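Residue numbers (our numbering): 80 to 191.
Scroll down for the structure; my scribbles are underneath it.
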């Protein structure tokens, strides 16, 4: 699985995720943000709804646009006043989804 991030004027990178992938680095270098973006794009691809957390991450960066790709699924976000995101594959309203702890536990239980 390939995960690409392009936050204009800030950071560009690509990660290839294999069976076991280890993300290491000094504190405050973006490891958690990368994992949050990975989860949010996966959630959007599966449920066709933009997670509120994705919008808050895009709002937090001083960047005008972002493109995040997971395999063949690409999400493009722009920020003028507030961030908005859409998929290249499907156009849908930017509905915010707030995951509760029950939903999160249910999703992670599927992994085991």
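Don't be surprised by glycine CBs; every beta carbon is placed ideally from N, CA and C.
Remember, it's a predicted structure, so these values are computed and weren't measured experimentally.
- Here residue 130 is buried. Its C-beta has 16 or more other C-beta atoms within 10 Å.
- Here residue 94 carries a strand assignment [DSSP, helix/strand/coil].
- Here residue 114 has 102 as same chain residues with Cβ atoms under 8 Å from its own Cβ, once five neighbours each way along the sequence are excluded.
- For the set 106, 86, 91, 117, the Cα lying nearest the Cα of residue 100 is the one of 117.
- If one requires a minimum length of 4 residues, the alpha helix (DSSP H) runs lying completely within the stretch 95-177 are 110-126, 131-139, in chain order.
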